[in-house]
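If you count the sequence shown from 1, position 147 lands on 147 in my numbering, and the numbers rise without skipping.
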Amino acid sequence: MEREKRIYSGGLLEVDFFPVFDCGRKIPSKPKGVGFSSEAQKKYNQLQATKRLVRLVNTNFDNSDYFLHPTYEPRCAPLSEKQARRDIANYLRRVKAKREKELKTKKKQLKQLKATLEAAPGNPYLASEIEKLKAQIKKLSEPFKYVYVIELQEYKRGTYAGCSNWHFHLFVTGGLASREIESMWKVGQRINCNNFQPERFGAETAARYMMKDPQGKRRFVCSRNLDKPITPPPKDGKISRRTVERMATVYANDAEYWERKYKGYKFVRCFSRFNAYNEHWYVSVVMYKTNKAMPEWTMSDWVQPL
């Protein structure tokens, strides 16, 4: 029978269709004892790590949060990865402390504005400022979260030829002004802080960029308070093998079909493949909850061997 498995990561929805036995165990996709080559296994591991990061990012961050790239001046570059990680940890502590301080300040300002509005009711400017403060307070009240990847850069020419440097790709919870976020990076040349915009650049683009050349012992580092994607119990036997085949061959690029099936979501990409060993089709659909048109999904491979 066929299984439908959904994964909700914030606005991102993934739906996988694949065969299982009546007991619920997955049907093998390759002969017993046949494994991957070392290169294929490396590619598979990289793909899986990227998928995990895409899901974590979309579950925990939206366009009110920041995607930034702290970078060292070459003359200030740390001598070791350990020191670089210490620097980013100290930076994150400063950002967290600043958010807590700013939250207290905004709450005081809100109290003062409300008192002023009571003395001058109907003032549209004060009412507008109060709504802005409430939105800022709501964002600053959210738990501080982060995800980062550290990347090694080696200079091949110029003054610093033969030397190494480090830089980071980092997601952090918003609430502070972007220029304030940038100013707290004390040891670097630049930081380039921008809002995360999945509707503009793609729901997977930033995470894929972060994982293009991971360095160090860990592929990515994240705060312990990240929410996990939601995976409801799978639906088994609710759809026929013939229907999955038609999804793969007829409806793979039919946005209207998928948007009717999963209302409220925009079609982004469908991946399908036929497994010659077990003679079943595998389909993975990627969708995003937005009123805007989504940009093209840039990852060419998303279906995992099952």
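Where a beta carbon is used, it is the ideal one built from N, C-alpha and C, also for glycine.
Everything numeric in this text was worked out from a predicted model, so none of it was measured.
Beta carbon of residue i nearer than 8 Å to that of residue j
| i | j | result |
| --- | --- | --- |
| N225 | P143 | yes |
| Y66 | N275 | no |
| F36 | I27 | no |
| L113 | I137 | no |
| G202 | T105 | no |
| V57 | A255 | no |
| W166 | P78 | yes |
| N192 | H69 | yes |
| Y257 | Y251 | yes |
| C270 | V187 | no |
Bridge partners - residue i, DSSP secondary structure assignment
| i | result |
| --- | --- |
| L308 | The structure shown does not extend to residue 308, since the chain is modelled only from 1 through 306, so no value can be given for it. |
| G175 | DSSP output for G175 lists no bridge partner at all. |
| P19 | E2 |
| G188 | Y72 |
| N194 | F67 |
| E14 | I7, V286 |
| V221 | Y148 |
Under the three-state DSSP convention, the category residue i falls into
| i | result |
| --- | --- |
| L126 | helix |
| E245 | helix |
| K26 | strand |
| I7 | strand |
| D236 | strand |
| Y146 | strand |
| V57 | helix |
For residue i, the first and last residue of its enclosing beta strand (DSSP E)
| i | result |
| --- | --- |
| W281 | 280 to 288 |
| S272 | 266 to 275 |
Range covered by the alpha helix (DSSP H) that runs through residue i
| i | result |
| --- | --- |
| N90 | 81 to 119 |
| E259 | 255 to 261 |
| T205 | 205 to 210 |
Take every Cβ of the region 285 to 293, pair it with every Cβ of the region 2 to 20, and state whether three or more of those distances are shorter than 8 Å. For the pair of segments examined, the region 285 to 293 was found to touch the region 2 to 20: the number of CB pairs separated by less than 8 Å reaches three.
Taking contact to mean 3 or more Cβ pairs, one atom from each stretch, closer than 8 Å, check whether the region 109 to 124 and the region 162 to 174 are in contact. Touching, no.
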